[in-house]
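Just so we're on the same page, our numbering is the position in the sequence shown counted from 1, plus 2.
Note that CB positions come from ideal geometry on N, CA and C, so glycine has one too.
Keep in mind the model is a prediction, meaning the values are calculated, not measured.
Structure first, commentary second.
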Amino acid sequence: MAIVAYITIIGWIVVYLEHKKSADKSPLVNYHLGQSLGLIILSFVLGIVFSIVAMLVPALVYLSTITGLITFVLLLLGIVAASNEAMKPLPVVGGLFEGKFDFSK
């Protein structure tokens, strides 16, 4: 379930609902739900910001492409950490999300 949390927003919602109704809440799934939610929020915010920047300065359109690529790499690293059953934060941005989201209730 920790891996599926990284695969689209629909995957995150499915894992969240399954985790919420589960009697035995896995700390690993809880951790990766938080990391993936943080990554989803960050990618939406950066996407909006860089879209606005690209509208104002069309020469900087490549920034949104680079941001998308970096987000994709972070997503893959999260999937690898989840598949290794490691509660390891995403590089660079993962520390921002640790302890911010708690899905164990």
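The Cβ atoms of P93 and F99 do not sit closer than 9 Å to each other.
The three-state reading of DSSP puts N32 in helix, counting H, G and I together. For F105, there is no enclosing alpha helix (DSSP H), as DSSP marks it with neither H nor E. Per DSSP, S85 is one residue of the alpha helix (DSSP H) stretching across Y64 to S85. Within the model, the alpha-carbon separation for V95 versus A25 is close to 31 Å. When the beta-carbon positions are compared, F103 and G36 come within less than 9 Å of each other. Ranking Y33, G70, F105 and T10 by CA distance to the CA of A83 puts Y33 first.
Taking C-alpha positions only, V6 is separated from V17 by approximately 7 Å.
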